[in-house]
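If you use the working numbering, the sequence shown closes out at 1028, no skipped numbers anywhere.
We treat Cβ as the ideally placed atom computed from N, Cα and C, and that holds for glycine.
One structure is given here, and the rest of the page talks about it.
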Amino acid sequence: MGSGTDPGGALRFAVLGPVRAWRGGQPVPAGPPQQRALLGALLLRGGRTATAQELVDALWGEEPPPTALAALRSYAFRLRKALGADALATVDGGYLLRPGDDFDLFRAEQHCSAAEKARGAGDPAAARAELRSALALFDGEPLAGLPGPYAETQRIRLLEWRLQITETCLDLDLQAGCHAEAVSELTVLSAEHPLRERPRALLMLALYRGGRQAEALGVFADTRRLLDDELGVDPGTELTDLHQRILEADPALLPPPVPQAESAAEPVRPAQLPATVADFTGRAAFVRELGDRLAGASAEGGVMAVSAVAGIGGVGKTTLAVHVAHAVAGVFPDGQLYVDLQGTGPRPTEPETVLASFLRSLGVTDAAIPESLADRAALYRSTLAGRRVLALLDNAHDAAQIRHLLPGTPGCAALITSRARMVDLAGAHLVDLDVMSPEEALQLFTRIVGEERVAGERQAALDVVGACGFLPLAIRIAASRLATRRTWTVAFLARKLSDERRRLDELKAGDLAVKATFELGYGQLTPQQARAFRLLALADGPDISLDAGAAVLDMDVYDAEELLEALVDISLIESAGPARYRFHDLLRLYARDCAERHEGDDARCAALSRLLDFYLASAARTYELENPGDRVLDHLSPVGRPGLVFTSRQEGLDWLFDEAPSLLATVQQAAGGGCEGPMRRAVDLLFTAQDLMESGIYARQFEQSTRALVATSSACGEPLVEGRARVLLGQLNWLTGRFEEADREAERAQVLGVAAGDLLTASYAPNLRGMIALATRRFQECADYHATAIAAFEADGNRQGGAAALSNLSRAQVELEDTPSAIDSAEKALAIYRELGAGFRLGNGLYALAIALAAAERHAEALARLGEALALFRDARQQFWEGMTLFRMAEVHLAAKAHRQSASVAEQSLVLLRNVGGTMRQATALTVLGKALAGIGQSDRARACWYDALQHFTALGSPEAGEVRRLLGGPSESAVAI
């Protein structure tokens, strides 16, 4: 807070940009440049007094005008008036301004100090966050526009400080594995400070870690040549050593590995505890957490600790609890009690019986043990008073069963295991035990089977533990079977477990069986809970939302939630997040087996049909919000169950992306249902969920679902479904740069659409064929296809579809060198999008207009339109279009000779297009990046980019390879080692 006391609020100051002041959030006029220079000089004193002469020297230097002192006093008077009577004080002929805490320089220094402490404490993520916060306080050039020698000196100091912060932050980025993201910023930084070696070293390391060794070596070659030309010196030790280590492929240059968890402490011998397993594996974090909690109860002044471990059957609750109990037995020298409460059996052990057993173990004679539960519990607590005892209450049914078994006195502790979460046990420390990590699972498997049998079949071993769902009981059973069958290979066992229909039957060894463990929990369910357990398992998605689950169960959300939460509490399903649920893989197989035994075919099909209806109705609503004026919804199948209602585009998109894996799995499941399955609704669901395809995030799963629908509809003779599916498949191939396959699919779709009388396919297919023709440089065909598409969209009354075709027609007109028509078409499309209130599709119109404006050399307008489009695409999570827009911005910057800006955005586009966009677009982006790098003097790195681009173009048989060869054939002062 500032030091002014005038009404209107506290003062805030800034010098890490233009010198400014605010009071209560409102700007305070700081006056002309010399007056602002005085304010800046006083602020940079940090609350120390500045004499009048010091301030005169700061503002005017060694030759001040005769009126300097009078001018200084005038400026001070105006500042005092603007800031408040008490803000600026006169002290001993000088001036004092205390900026307070709300001063951007102080805040930046505090962030940097916090970052140093975080680094010292081994928390690089916190350090990065603090440094990024410090950098965010800079608003352009510090002390911008201020005259005087003092301002200039301080400006240089602050710029150097910002540069050091940036370098440190980028170094931490690399330590965190964010090398791909750092390349763009480091490229610009090294261009802005070409003689500074630290950014160059970081850039080399980032490129190397991103698999771009040739570019990393190119950076060194560019730097060595630049330093020799400008300064006549060689690169320093850091760069030279790094260059050599890159050439040697030094493993230490790779990102630091994630620290491995420490192994658990060796168990100690118990008093009444069961023996711990000799091959106890992993769970180090849980061992520490529970051990610390229990040991704290035995410390002086400690209170009675209660820890309750919950999880599905077979997850290893008892094994963990026994292991922890052994580990902490030494701090409970007065005894360790143990009981199996039979909580999953038909008759859980009565607490009265347990108390009698415990009292005998503690030295109470049978004659002294009272009859009633309350009296036994009271005697139990009295007997434990002053002792340090651990009670392990294994396999509890619920909280009511164990309340009277808790010691209740300081120095004692209770460790509980149960399939039910003890949410109603006051003061308990709850631990949810999940399945093992893949590494822990493989380690357990190896310990049982033997290192020599697993070493040569590591992948098969991973397949086995994966088929076991990383469930410890299942892994132990599978490993034990293999250990006793010396003629079996690990691969043979993996093949046996790969059959889902037989998997649970295979997971039996002696008296251990996964299915029997699950049956104990299933047998305790009410009829409604059992039905929910069976039906929810039918859906193929990785998890299911509460709303989708309610659709499957054909009940309202509130009743469904009560059932689902009950299943979570008894560990038959898991909470995957707020209002989301999932099955363990083996429990899903068991639940499906129960569904086949207890639910008829009609009931199972009806449950999945309701789920598909729910997804289609909800996705259609999202599509409608994002694409107003689009007639796709008029061509969809009717649904028998309503979906969700969204109040905004963002809410609908959030739902769509959250639901994507489960939604696409449902489509693929429907496609697998054969000719009797709901193919029509499945393909319509894909059509309304197209945003998932273009985002790039779910493109692979979208493609798998689409190909499944193409295969099924083709085999079943469903031309309407097949045509729509092939349109989508063609779009996917276009997105990923597989243009020949895309054209075949689009051509086939167009034929099918006409045969089926499907206006949807008949309009979308020629539009797609035009996009493919543009990508393959058949520009007149492109224009003809889009003219056909425009007519088809008009016949269907689909204005948004017509706008899309107009935008695409504009692209063809640009390539046909009819720029005025291209601008006109794009502006017409944009007007339609704006009139309809389109969502991110408005970005497609802006994108097309920007390309036409760039062709007319109206670069500033083109960049403005691309900036608007970029914001829309980012908000809609459209990675493909975000990457393409950044690429177009790089092209425009390059045409405008803004090489640094071009290199920066080209790098950003490349990061995105490597994930989605295909090899052709990556190669094109590499070509532009190389040109931009050449423009800022980084010719060796540019050649590395062109070489990579040439390899891509040559593999594709693309004519663009010729242009890249010409670029590589130009003069070069050094060669890049590839």
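Check	Outcome
Per-residue DSSP class, three states only, for Asn-965	coil
Whether Leu-532 touches Leu-547 by CB criterion (8 angstroms)	no
Residue burial classification, Val-549 (beta-carbon count within 10 angstroms, cutoff 16)	For clarity, residue 549 is Asp in the given sequence; the question names Val instead. By the 10 Å Cβ count, Asp-549 comes out exposed.
CA-to-CA distance, Leu-267 to Ala-1027, given in whole angstroms	Caution applies to Ala-1027, whose pLDDT of 26 falls short of 50 and renders its modelled position unreliable; the model cannot decide the point.
Buried versus exposed, by CB contacts within 10 Å (16 or more), Cys-725	exposed
Cα-Cα separation between Leu-66 and Glu-202, rounded to whole angstroms	13 angstroms
At least three beta-carbon pairs within less than 8 angstroms, the region 180-190 to the region 118-127	no
Rounded C-alpha distance that separates Ser-875 from Leu-979	30 angstroms
Gly-985 versus Leu-276 - alpha carbon distance	14 angstroms
Contact belief for Leu-916 with Leu-892 at Cβ below 8 angstroms, rounded distance in angstroms	13 angstroms between Cβ atoms; not a contact.
Gln-386 - DSSP class collapsed to helix/strand/coil	strand
Beta-bridge pairing of Leu-138 - partner residues as DSSP gives them	Leu-147
Presumed contact (8 angstroms Cβ cut-off) between Gly-519 and His-634, rounded CB distance	5 angstroms
Assigned exposure category for Val-269 - 16 Cβ within 10 Å defines buried	buried
Contact check, Leu-759 vs Val-733, beta carbons under 8 angstroms	yes
Beta-carbon proximity list for His-28, same chain, < 6 angstroms, skipping 5 on both sides	Because the chain here runs from 51 to 1028, residue 28 falls outside it and cannot be looked at.
Nearest candidate by alpha-carbon position, reference Arg-991, set Pro-114, Pro-116, Glu-265	Glu-265
Beta-bridge partners of Trp-72, as assigned by DSSP	Arg-62, Pro-77
Whole-angstrom distance between Leu-480 and Leu-557, CA atom to CA atom	30 angstroms
Where Val-161 falls, given that 16 or more other Cβ within 10 Å makes a residue buried	At residue 161 the sequence reads His, which differs from the Val that was named. Under this definition His-161 is a buried residue.
Cβ-based neighbour list, Leu-304, same chain, cut-off 8 angstroms, excluding 5 preceding and 5 following	Arg-259
Bounding residues of the alpha helix (DSSP H) (the contiguous stretch that carries Gly-268)	263-280
Contacts around Glu-507, its chain only, beta-carbon distance under 8 angstroms, and the 5 residues preceding and following it disregarded	Thr-539, Val-540, Ala-541
Cα-Cα separation, Val-504 to Ala-511	7 angstroms
Ala-669 versus Val-717: straight-line alpha-carbon distance, rounded	13 angstroms
Environment of Thr-218 [buried if 16+ CB atoms lie within 10 Å]	buried
Proximal residues to Arg-319 (C-beta, below 8 angstroms), its chain only, five neighbours per side dropped	Low per-residue confidence applies at Arg-319: pLDDT is 34, beneath 50, and the placement is therefore not dependable enough to give any value.
Leu-93 - DSSP class collapsed to helix/strand/coil	helix
Backbone CA spacing between Ala-805 and Tyr-814 [nearest angstrom]	15 angstroms
Euclidean distance between Cα positions of Thr-237 and Ala-271	15 angstroms
Residue(s) in a DSSP beta bridge with Leu-442	Tyr-388, Leu-465
Beta-carbon proximity check, Gln-958 vs Ser-234, cutoff 8 angstroms	yes
Closer than 7 angstroms: Ala-948 CB and nearest the ligand FAD heavy atom	Here there are no bound small molecules, and the ligand FAD is not part of this structure.
Delimiting residues of the beta strand (DSSP E) encompassing Arg-630	630-632
Val-356, DSSP secondary structure in three states	strand
Three-state class that DSSP yields for Thr-290 in the structure shown	helix
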